[in-house]
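Q:
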Amino acid sequence: MGQLLRLAIFTLAVLGFGTSLATASPVVCEGDLDTGHGHHTKHYEGSIDPAVQCEGPFVGNDDYGSGYIDAFGFTWRAQDKDGGDGPQNGAAEGVLTLTGGGGNGGTFTIDPGDSNCEGELCNLFLVVLKWDGAYGYWDIGEVTNTTQFDWIATPYALSHASLYARYEGGTEIESVPEPGTLALFAAGLGGVLLRRRRGTRRLE
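Residues in the sequence shown are numbered from -1 upward in steps of one, following our numbering.
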């Protein structure tokens, strides 16, 4: 019995440790780029902690001024840019608050209550870090409360950070019926068909 108890405690500890690593680990974007700024090819590296996935780094800049970007197979709507340009599309000032701009590391805070999302996915966000002549996209997943994230950017200082929300085009997402609802519908339809069949037999 004691051995079973120890095994259960060990399993729970391993699962708990694995979960904490999965939910609080930095996601790194890195690559060798020649940004054309006279630096020649350098190894660019940026990270956000925590995050889900990243794309990049790329040479240039995200097109914040257009209001939309495509990344991770979705379209994202511009919300705020800390380091210039301010909020877009009705989002409030302060939806994104950056610290450490002009350096190689710091934090940013997202307040989803100040965002202006579209459709059903109003708490899914993407952050762009722009440093020197490079930038990267980070999918940071769902943010439901005011949340702080850590960022790092090397070898050059961060220029700015931009925030985007998952865009659904303002269209309603069709709800999928629950299995219980489908079963109830099938039972009702079966009852109607059975009653009609009995009525037909009586007429014969």
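From the three backbone atoms N, C-alpha and C, an ideal C-beta is built for every residue, glycine too.
Which runs of the beta strand (DSSP E) fall wholly inside the region 23 to 63 and span at least 3 residues, in chain order?
A: Taking only runs of at least 3 residues, the beta strand (DSSP E) segments lying wholly in the region 23 to 63 are 25 to 32, 39 to 47, 51 to 57.
Q: Identify, in the order they occur along the chain, each residue of the same chain with its Cβ nearer than 6 Å to the Cβ of threonine 145, setting aside the five sequence neighbours on each side.
A: Here the set comprises Ile108.
Q: When we look at the beta-carbon of alanine 90 and count the other beta-carbons within 10 Å, is it buried (16 or more) or exposed?
A: Counting Cβ neighbours within 10 Å, alanine 90 comes out exposed, since fewer than 16 surround it.
Q: What residue does the beta strand (DSSP E) around alanine 89 start on, and which one ends it?
A: Counting along the chain, alanine 89 falls outside any beta strand (DSSP E), and DSSP gives it neither H nor E.
Q: Tell me whether the beta-carbon of tyrosine 135 lies closer than 8 Å to the beta-carbon of glycine 54.
A: For tyrosine 135 and glycine 54, yes; Cβs fall inside 8 Å.
Q: Can you find at least 3 beta carbon pairs, one from the region 138 to 156 and one from the region 58 to 75, that sit closer than 8 Å?
A: In short, these stretches do not touch, since the Cβ pair count stays below three.
Q: Aspartate 148 by DSSP, collapsed to three states: which one?
A: In the structure shown, aspartate 148 sits in a strand (DSSP, three-state: E or B).
Q: Looking at C-alpha atoms only, which residue of Glu28, Gly58, Gln77, Cys27 is the closest neighbour of phenylalanine 123?
A: Checked all of Glu28, Gly58, Gln77, Cys27; the closest Cα to phenylalanine 123 is Gln77.
Q: Hey, how far is the Cα of lysine 79 from the Cα of glycine 92?
A: Their backbone Cα atoms lie some 9 Å apart in a straight line.
Q: Rounded to a whole number of angstroms, what is the C-alpha to C-alpha distance between glycine 131 and histidine 41?
A: Rounded to the nearest angstrom, the two C-alpha atoms are 12 Å apart.
Q: Along the chain, where does the beta strand (DSSP E) containing valine 125 start, and where does it finish?
A: 122 to 129 is the extent of the beta strand (DSSP E) around valine 125.
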